[in-house]
Structures are given as C-alpha cells and as structure tokens.
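Asks:
In the UniProt record's numbering, the protein residues as written are 1 to 71.
(1) Determine the direct distance from the alpha carbon of residue 11 to that of residue 46, and round the result to whole angstroms.
(2) What residue from 59, 44, 52 has the CA that sits closest to residue 38's CA?
(3) To which residues of the same chain is residue 32 closer than 8 Å at the C-beta, ignoring the five residues directly before and after it?
(4) Relative to the C-alpha of residue 40, which candidate in 23, 51, 61 has its C-alpha closest?
(5) From the DSSP output, which residues share a beta bridge with residue 33?
(6) Which one of 50, 1, 6, 56 has the shortest CA to CA distance from residue 113?
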C-alpha cells in the first residue's frame, strides 16, 4: 500500500524522498539515487536502467567528492 501512495504522489508532481538500504526497492521507486556513506554524499545517480552493482560501486568507492552521472 505504501508503494501505491508513493506512486500517486509522484503522479501529482510531488517529490518523494525514500530512504532504504533495500536496493531493489530503491531502484523500483526512484528517478534519482543519492548514495550516502558515513553521513556524506558519495554519488548522485540518475536512474536510467541503473543496476544494484552500480549503486554498490558508488557506495564503496573511496573518492571523497560527489559524483553525478547519468546511467
């Protein structure tokens, strides 16, 4: 039921922030994925066929800057 509500809000043009460690859930609901680690933004990923592997790679990357990419 929560997914239905989220989709209804999105269809109305309302931005919804979803916080989850469940990657299939995140990928299924998101247009954009922000990856955070230890309180810092690690990546800003556009969800065009984004994979779990790409999200995990961004989370585990040792770089300290924010990476924005279109996938």
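For glycine and all other residues, C-beta sits at the position ideal for the given N, C-alpha and C. Model, not experiment: these values are computed from the prediction.
Replies: Quick answer:
(1) The residue labelled residue 46 in the question sits at position 46 within the chain shown. The residue labelled residue 11 in the question sits at position 11 within the chain shown. Counting only the Cα atoms, residue 11 lies some 18 Å from residue 46.
(2) As a first step, residue 38 is located in the chain shown; it is residue number 38 there, counting from the start. When only C-alpha atoms are compared, the closest one is 59.
(3) Here residue 32 corresponds to residue number 32 of the chain shown, with the count starting at 1. Result list for residue 32: 44, 45, 46, 47, in chain order.
(4) To locate residue 40, count along the chain shown from 1; it is residue 40. Measuring from the Cα of residue 40, the nearest candidate turns out to be 61.
(5) The sequence position of residue 33 within the chain shown is 33, counting from 1. BP columns for residue 33 point to 45.
(6) Residue 113 lies beyond the stretch modelled for the chain, which goes from 1 to 71, so this question has no answer here.
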